[in-house]
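Visitor: First to last, the protein sequences are chains A and B.
Offset between the first sequence (1-based) and the working numbering: plus 5.
Offset between the second sequence (1-based) and the working numbering: plus 74.
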Amino acid sequence: MELAMLAFERPAIDWHAFAPELVLLAVGSILTLIDIVYNERARRVMPALAAVGLLATLVPVLTLAVDGADRSMFDGAFVVDDMALTLKALFLISGFVVVLLSVDYIRDGDYHENEYYSLLLASLLGMVLIASSRDLITMFIALELLSIPAYMLAAWRKGGATSNEAGLKYYLMGVFASAIMLYGMSLIFGVSGSTQFDAIRVALDTGGDSAPMVTLGILFVLVGFGFKVSAVPFHTWAPDVYEGSPTPITAFLAVAAKAAGFVALLQLVFVAFSGRYDVVEPFFWIMAALTMTVGNLMALRQTNIVRMLAYSGVAQGGFMLAPFAVAGQATDSAIQAIVTYLIIYAFMNLGAFAVVLAVAKKTRSGEISSYAGLFSYAPGLAVAMTVFMAALAGIPPAGGWVAKLLVWRALLDASSVQGTVLAVVVAFNAVLAFSYYAKVLREMWMSDAPDGDTSPVSVSGTLTLALGLTVLATLAFGVFPQLAARFGDFSASFAL
Amino acid sequence: MVDTIVFVICAVICLTGAIGVIAARNPVHSALMLVMTLFGIAVLFIAQEAHFLAAVQVIVYAGAIVVLFLFVIMLLGVDVATDLELGKLRGQKTAAAGFAVVALAVVGYLIVNVDTTRTGVQSQGGVIDNVTPNVDLLAESLFDQYVYAFELTSVLLVVAVIGAVVLSRRHPPLDTDSAEASN
Chain A
6 MELAMLAFER PAIDWHAFAP ELVLLAVGSI LTLIDIVYNE RARRVMPALA AVGLLATLVP
66 VLTLAVDGAD RSMFDGAFVV DDMALTLKAL FLISGFVVVL LSVDYIRDGD YHENEYYSLL
126 LASLLGMVLI ASSRDLITMF IALELLSIPA YMLAAWRKGG ATSNEAGLKY YLMGVFASAI
186 MLYGMSLIFG VSGSTQFDAI RVALDTGGDS APMVTLGILF VLVGFGFKVS AVPFHTWAPD
246 VYEGSPTPIT AFLAVAAKAA GFVALLQLVF VAFSGRYDVV EPFFWIMAAL TMTVGNLMAL
306 RQTNIVRMLA YSGVAQGGFM LAPFAVAGQA TDSAIQAIVT YLIIYAFMNL GAFAVVLAVA
366 KKTRSGEISS YAGLFSYAPG LAVAMTVFMA ALAGIPPAGG WVAKLLVWRA LLDASSVQGT
426 VLAVVVAFNA VLAFSYYAKV LREMWMSDAP DGDTSPVSVS GTLTLALGLT VLATLAFGVF
486 PQLAARFGDF SASFAL
Chain B
75 MVDTIVFVIC AVICLTGAIG VIAARNPVHS ALMLVMTLFG IAVLFIAQEA HFLAAVQVIV
135 YAGAIVVLFL FVIMLLGVDV ATDLELGKLR GQKTAAAGFA VVALAVVGYL IVNVDTTRTG
195 VQSQGGVIDN VTPNVDLLAE SLFDQYVYAF ELTSVLLVVA VIGAVVLSRR HPPLDTDSAE
255 ASN
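1) Please name the residue in Ser421/A, Val364/A, Glu248/A whose C-alpha comes closest to that of Gly333/A.
2) Can you confirm whether Phe83/A, when its beta carbon is compared against all beta carbons of chain B, has any partner nearer than 8 Å?
3) Of all the options Met186/A, Leu386/A, Lys174/A, Asp19/A, which has the alpha carbon lying nearest to the alpha carbon of Asp503/A?
4) What residue ranges within the stretch 216-283 of chain A form continuous alpha helix (DSSP H) runs of no fewer than 4 residues, ordered along the chain?
5) Any C-beta of chain B sitting closer than 8 Å to the C-beta of Leu99/A?
6) Rounding to the nearest angstrom, what Cα-Cα distance links Met313/A and Ala17/A in this structure?
7) In terms of residue numbering, what span does the alpha helix (DSSP H) encompassing Ser375/A cover?
8) Let me make sure I understand the geometry here. Which of Val207/A, Asn44/A, Glu118/A, Leu129/A has the alpha-carbon closest to that of Gly280/A?
9) Give a yes or no on whether the minimum CB-CB distance between Gly94/B and chain A is below 8 Å.
10) By Cβ distance below 6 Å, which residues in the same chain neighbour Pro253/A in space, the five residues on each side in sequence not counted?
11) Rounded to the nearest angstrom, how far is the Cβ of Val407/A from that of Thr345/A, given a contact under 8 Å?
12) Residues of the stretch 218-240 of chain B with a CB closer than 7 Å to any CB of chain A: list them in chain order, please.
13) Could you pull the start and end residues of the beta strand (DSSP E) that Arg76/A belongs to?
14) Return the residue from the list Arg306/A, Tyr316/A, Ala294/A, Glu286/A that minimises the CA-CA distance to Gly300/A.
15) Below 8 Å, how does it come out for the stretch 262-279 of chain A and the stretch 222-234 of chain A: are there three or more Cβ pairs, yes or no?
16) According to DSSP, simplified to helix, strand and coil, what is Asn354/A?
17) Under 8 Å by Cβ, that's how I've got Ala293/A and Gly323/A pegged, so tell me the actual separation to the nearest angstrom.
18) If the criterion is Cβ atoms closer than 8 Å, does the pair Leu38/A and Tyr122/A meet it?
19) Would you kindly report the start and end of the unbroken alpha helix (DSSP H) that includes Val232/B?
20) On the CB-based measure, 16 or more other CB atoms within 10 Å of its CB, does Phe145/B come out buried or exposed?
21) Can you say whether Asp72/A is buried or exposed, counting buried as having 16 or more other CB atoms within 10 angstroms of its CB?
22) Which two residues bound the contiguous alpha helix (DSSP H) that contains Phe101/A?
23) In this structure, how does DSSP classify Met81/B when only helix, strand and coil are distinguished?
24) Considering only residues of the same chain and omitting the five flanking positions on each side of Asp251/B, which have a CB-CB separation below 7 Å?
25) Pull up the distance between the alpha-carbon of Arg491/A and that of Ala182/A, whole angstroms please.
26) What did DSSP end up calling Ser138/A once you bin it into helix, strand or coil?
27) Could you have a look at Gln201/A and say whether DSSP puts it in helix, strand or coil?
28) Can you name, in chain order, every residue of its own chain whose Cβ lies under 7 Å from the Cβ of Ala481/A, other than the five neighbours on each side?
29) Can you find a C-beta in chain B that's less than 8 Å from the C-beta of Glu118/A?
30) Along chain B, in chain order, which residues have C-beta atoms closer than 9 Å to that of Leu472/A?
31) On the criterion of 16 or more Cβ atoms from any shown chain inside 10 Å, does Thr68/A qualify as buried, or is it exposed?
Now the structure itself:
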């Protein structure tokens, strides 16, 4: 047999476009190597290295943003545009705040510290990659790269039964979701003959014969991501996983991992499936309405703050899903609403978890009742928590109202019956949500401290920094709504 | 002519191995018989010029998977035949015979209908090219079109290994679950 040598050409690589990923990968590798060489002696420097590494990764993101050119590599599998950069920056900053939250918690608990930061960075690498992926294979691998470390981090409190449960549950549900998603992807590939989003869009637009298979493929892929963003009815893992995981990881899962799922949905819905809004819109309408309502009703009944935040996160996810229901009718405002919501949600939710961490250090409890009288002995924390709860509930001047307003605008821009009805559902849920956020506020401001214990809470420097960052961002987005709206405006990116 | 001889020899090897898997008294022998079958199939793949499949067959099936089988057999310590007698389900043999008949019927149907095309649609993924060997084609798409995903996969595997090592390391249990309160 004659071996015909194929002329091999190295695919063109734009190193600048790749720089954020490469820096992040390098930092992750360095952390792993330091761990191997110095072992336990390196424990002290790990968080600092991870934090500096994340900030260093922001530098190429900024230079790319200043440069402003859209870049594309590997037949369009890797794309750098304004939206990808904004979302990368969001992931990196969220990751930075999570590292700040982790420092004390991981050092004080009996954890494997070095690998914790390596895995956290690996998960962030997956998120940064997902923001750029416009190809089914790349997107799937990026998704696994962010999920697999997350499964392990959820089980990081190895001595605790609830953490083991969290890790196992998250892993099983995640793998299940991945399998469904892969099946959907294979159906779409089978019909379109390409893994690349633009090609899929063209193929799905024209291919009329295989409509049922296309519908099934799209639904399976969306269901798979529904698990990732814990949309009802695929949310059942969220409360147990959030409660069992180490709290900084809970914050990471609730914010960054969920945002990554939404980023993938954004690209799938608005690029790959943009010819099939007839399938996508009703699906998201139902899922959004269910997610908001069920999430809020369950949150009302919780007495543990982490579980409450878990269900509140589910409900907030519903608000973010709502604009997808008018994806075709009001494309630009839907994209803007989702991205803006993601950005604001990241800061207000991370902040809420920071307060939970700080308070739990003193009270050793996750019950909402343990927040009683917080204002009397830790006024700073109480004020910060008030800002975050107000933001989550959507009360000006804290940031959340801008996000909710944009969701309403997107739904009403559609000027269709479904859009308007969903806007009413959103309004109803916003009111419903207020009642459980107010419960925390009432405990903090009105009740007396349990047992009259008013010794102050010691808040470490890193937590203070995290709190300061998140409070500032939350308030800034609320006071200057144009700021957030500007970040979320990518109508140009999707001008197809 | 050569094709026929190769096929007959391999078929005999495959079938001997397959019968050996169920007939051997010792589970370790069963696993080794499985290797024989898998090697026979690998040679059949080569006869069909599916060189990549043949290589994968040897590396993945005959190598990794059977080694895993052997690990499990030795870890569980069921390498003595008597241990196997215990776990028999009632009616297991009848059910197995039933399934075998159905499976044979399906294969028979496929053989009879092998010339009937179902859809006639060409595969969308790997379009057949009779000139270039498929190993070359695979290598080209792996290191050209999909090199990015390929490299990412390597990162993913490293991360998975690190995490698995940490999680499987022995860890002193917390005295109580009271540390959960810190959540």
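Just so you know, even glycine gets a beta-carbon here, dropped at the ideal spot from N, CA and C.
Guide: This is what the structure holds:
1) Position 328 of the first sequence, counted from the first residue, corresponds to residue 333/A. Comparing Cα-Cα distances from Gly333/A to each of Ser421/A, Val364/A, Glu248/A, the minimum goes to Ser421/A.
2) The sequence position of residue 83/A within the first sequence is 78, counting from 1. Output row for Phe83/A: interface = yes.
3) Residue 503/A lies beyond the residue range present for chain A, which begins at 6 and ends at 501; the question has no answer from this structure.
4) The qualifying runs are 216-233, 242-249, 252-257, 263-272.
5) Residue 99/A sits at position 94 when you count from the first residue of the first sequence. Per the sequence shown, residue 99/A should be read as Ser rather than Leu. By this cut-off, Ser99/A is not an interface position.
6) Residue 313/A sits at position 308 when you count from the first residue of the first sequence. Residue 17/A sits at position 12 when you count from the first residue of the first sequence. Answer to the nearest angstrom: the Cα atoms are 49 Å apart.
7) Counting from 1 along the first sequence, the entry for residue 375/A is found at position 370. For Ser375/A, no alpha helix (DSSP H) segment is defined, and its DSSP state is neither H nor E.
8) Position 275 of the first sequence holds residue 280/A. Checking every option, the nearest Cα to that of Gly280/A belongs to Val207/A.
9) In the second sequence, counting from the first residue as 1, residue 94/B sits at position 20. Chain A, which has no Cβ nearer than 8 Å to the Cβ of Gly94/B, makes this no.
10) As a first step, residue 253/A must be located in the first sequence, where it is residue number 248. Correct list, in chain order: Val103, Leu106, Ser107, Tyr110.
11) Looking up residue 407/A in the first sequence gives position 402. Looking up residue 345/A in the first sequence gives position 340. Right, their Cβ atoms sit about 7 Å apart.
12) Asp218, Gln219, Tyr220, Val221, Tyr222, Ala223, Leu226, Thr227, Val229, Leu230, Val233, Ala234, Ile236, Gly237, Val240
13) Taking the first sequence and counting its residues from 1, one reaches residue 76/A at position 71. Residues 76-78.
14) Residue numbering aside, residue 300/A sits at position 295 when the first sequence is read from its first letter. Comparing Cα-Cα distances from Gly300/A to each of Arg306/A, Tyr316/A, Ala294/A, Glu286/A, the minimum goes to Tyr316/A.
15) Enough Cβ pairs lie closer than 8 Å, so yes.
16) Within the first sequence, residue 354/A is the residue found at index 349, counting from 1. Here Asn354/A sits in helix by DSSP.
17) Numbered from 1 along the first sequence, position 288 holds the residue referred to as residue 293/A. Numbered from 1 along the first sequence, position 318 holds the residue referred to as residue 323/A. Yes, Ala293/A and Gly323/A are in contact; Cβ-Cβ is about 5 Å, under 8 Å.
18) On the first sequence, position 33 is the one that residue 38/A refers to. On the first sequence, position 117 is the one that residue 122/A refers to. No. Outside cutoff.
19) The residue given as residue 232/B occupies position 158 in the second sequence. Note, Val232/B: alpha helix (DSSP H), 221-242.
20) The sequence position of residue 145/B within the second sequence is 71, counting from 1. Per the 10 Å Cβ criterion, exposed.
21) In the first sequence, residue 72/A corresponds to position 67, counting from 1. With fewer than 16 other Cβ atoms within 10 Å, it is exposed.
22) Taking the first sequence and counting its residues from 1, one reaches residue 101/A at position 96. Per DSSP, Phe101/A belongs to the alpha helix (DSSP H) from 87-113.
23) On the second sequence, position 7 is the one that residue 81/B refers to. Just to set this straight, residue 81/B is Phe in the shown sequence, not Met. Residue state, collapsed to three classes: helix.
24) Your numbering for residue 251/B matches position 177 in the second sequence. In this predicted model, Asp251/B has a pLDDT of only 45, less than 50, meaning its place in the structure is not dependable enough to derive any value.
25) In the first sequence, residue 491/A corresponds to position 486, counting from 1. In the first sequence, residue 182/A corresponds to position 177, counting from 1. Rounded to the nearest angstrom, the two C-alpha atoms are 34 Å apart.
26) For the purposes of this step, residue 138/A is taken as residue 133 along the first sequence, with counting starting at 1. Three-state result, Ser138/A: strand.
27) As a first step, residue 201/A is located in the first sequence; it is residue number 196 there, counting from the start. Gln201/A falls in the strand class under three-state DSSP.
28) Here residue 481/A refers to the residue found at position 476 of the first sequence. Excluding sequence neighbours, Ala481/A sits near Leu488.
29) Indexing the first sequence from 1 puts residue 118/A at position 113. So no, Glu118/A is outside the interface.
30) Counted from its first residue, the first sequence places residue 472/A at position 467. Going along chain B, no residue has its Cβ under 9 Å from Leu472/A, so there is no contact; the nearest lies around 18 Å.
31) Here residue 68/A refers to the residue found at position 63 of the first sequence. Answer is exposed; the Cβ neighbour count stays below 16.
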